[in-house]
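**Q** In the working numbering, the protein residues as written are 39 to 445.
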């Protein structure tokens, strides 16, 4: 029985795409953003598959590195009901929207996929209204980078972190930064702190706003207080990933919230803090904080003519062999066991912290209206940080914006 989410998307004349081509086999096209890994991860995965499946080869269509252009490309093809994209790879926040719009095949019944070996939070990111719609091909979580020459152990809570800011002041450097410019990075940073304090943004239906709560206010207030008293330096209000990472690598920060791919840069020859970089889970209210999840979720287009092959390819992407290729490329894998392998930890010392981060992660708001929800979060968080709104007014603004998005 089709769920209402995709029954409505398929109403009208013509065959139901969800029941078409379920046994179709043959060559497929895999569509994802630009492969920026040093090892050519995506091509390695496809080459391994193609060597074993000469009659069901995969062709990689590489999109732009720009997320907005990737989204527009997917939307154009799905709206036109084109069959030339068999497996598409949306960013984690787009998965719910693509499912709600009826663009991707639900992975249940004969299309069910065994996700038991995967990190649960990554599976949750590929789930909408209780149904899995994609496989988590790779993931990502926020980490706390810190100067281990200045602090013996990383702070576990926000209170501990802010206490350590006295060390930063004593050394004439900034204390803590993340990504606080008004863009998607601020949605991530604000959501992490709000989630850490027990707040949330949308209900299980993906549209009911839940952000107007004491917990959400407490989280945003913590961030605003840290900015107002200079625990977060004033210049961080313009930081995106590049600016924040450069500040840490140049020795201007004690702590930095960013993604694990920064580790190689922080320990590189051009880094002024090389050899003095520690990595830990994000601080929380009482323990490990709630990271936002990154990553990509491969899914089957409902318009594919070779869905059986596409399904086998999805199962391959989360297999032990494929996930090792992911891990070897310095991209966070989704199979839990890889985070405990000594050989990988020797190469990527942040893996234990990243495992904890992902275990405590909260997906960005799971909603088919994500772009509008994200804008409501970042606009109001920015207004609170800059003093244009009080924390109460900012939370009220988020609530109103999310309600309008889902109306």
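Where a beta carbon is used, it is the ideal one built from N, C-alpha and C, also for glycine.
Taking only runs that begin and end inside the region 356-381, name each unbroken alpha helix (DSSP H) of 4 or more residues, in chain order.
**A** Within the region 356-381, the alpha helix (DSSP H) runs of at least 4 residues that lie entirely inside it are, in chain order, 358-366.
**Q** Measuring alpha carbon to alpha carbon, tell me which residue in 186, 176 and 184 is nearest residue 159.
**A** Working through the chain shown from its first residue, we reach residue 159 at position 121. Comparing Cα-Cα distances from residue 159 to each of 186, 176 and 184, the minimum goes to 176.
**Q** Taking the alpha helix (DSSP H) that residue 123 belongs to, which residues open and close that run?
**A** Position 85 of the chain shown holds residue 123. Taken as a continuous stretch (DSSP letters only), residue 123 belongs to no alpha helix (DSSP H), as it is neither H nor E.
**Q** Determine the burial state of residue 54: buried for a count of at least 16 other Cβ atoms within 10 Å of its Cβ, exposed for fewer.
**A** Here residue 54 refers to the residue found at position 16 of the chain shown. Flag for residue 54 reads exposed.
**Q** Classify residue 435 as buried or exposed, calling it buried when 16 or more other Cβ atoms lie within 10 Å of its own Cβ.
**A** Position 397 of the chain shown holds residue 435. Buried is the label assigned to residue 435, since at least 16 other Cβ atoms lie within 10 Å of its Cβ.
**Q** Would the region 293-307 count as touching the region 82-93 if we require 3 or more Cβ pairs under 8 Å?
**A** no
**Q** Does DSSP put residue 300 in a helix, a strand or coil?
**A** Taking the chain shown and counting its residues from 1, one reaches residue 300 at position 262. Looking at residue 300 - three-state DSSP - the assignment turns out to be helix.
**Q** Comparing C-alpha positions only, which one of 329, 148, 257 and 174 sits nearest to residue 133?
**A** As a working note, residue 133 is residue 95 in the chain shown. Across the set 329, 148, 257 and 174, the C-alpha of 174 shows the shortest separation from the C-alpha of residue 133.
**Q** Count the other C-beta atoms from every protein chain shown that fall within 10 angstroms of the C-beta of residue 241, then say buried if there are 16 or more, exposed otherwise.
**A** Taking the first residue of the chain shown as 1, we reach residue 241 at position 203. Exposed: under 16 other Cβ atoms inside 10 Å.
**Q** Assess contact between the region 324-340 and the region 211-224, defined as three or more Cβ pairs (one per stretch) separated by less than 8 Å. Is contact present?
**A** no
**Q** The alpha helix (DSSP H) with residue 100 in it runs from where to where?
**A** For the purposes of this step, residue 100 is taken as residue 62 along the chain shown, with counting starting at 1. Run containing residue 100: none in the alpha helix (DSSP H); it sits in the beta strand (DSSP E), 96-100.
**Q** Could you round the C-beta distance between residue 124 and residue 338 to whole angstroms and report it? I think they count as a contact, below 8 Å.
**A** For this step, residue 124 is matched to residue 86 along the chain shown. For this step, residue 338 is matched to residue 300 along the chain shown. That belief holds up - the Cβ atoms of residue 124 and residue 338 are roughly 7 Å apart, short of 8 Å.
**Q** For residue 361, which residues from the same chain have a beta carbon less than 7 Å from its beta carbon, with the 5 sequence-adjacent residues on both sides left out?
**A** By 1-based counting over the chain shown, the position of residue 361 is 323. Counting only residues of its own chain and dropping the five nearest sequence neighbours on each side, residue 361 has a CB closer than 7 Å to the CB of 371, 372, 373 and 376.
**Q** By alpha-carbon positions, which one of 363, 60, 392 and 316 ends up nearest to residue 147?
**A** Numbered from its first residue, the chain shown carries residue 147 at position 109. Closest option to residue 147, Cα to Cα, is 60.
**Q** Would residue 246 be called buried (16 or more neighbouring beta carbons within 10 Å of its own) or exposed?
**A** The sequence position of residue 246 within the chain shown is 208, counting from 1. Exposed.
**Q** Reducing DSSP to helix, strand and coil, say where residue 336 ends up.
**A** Translated into positions along the chain shown, residue 336 becomes position 298. DSSP places residue 336 outside both helix and strand once states are collapsed to three, so it counts as coil.
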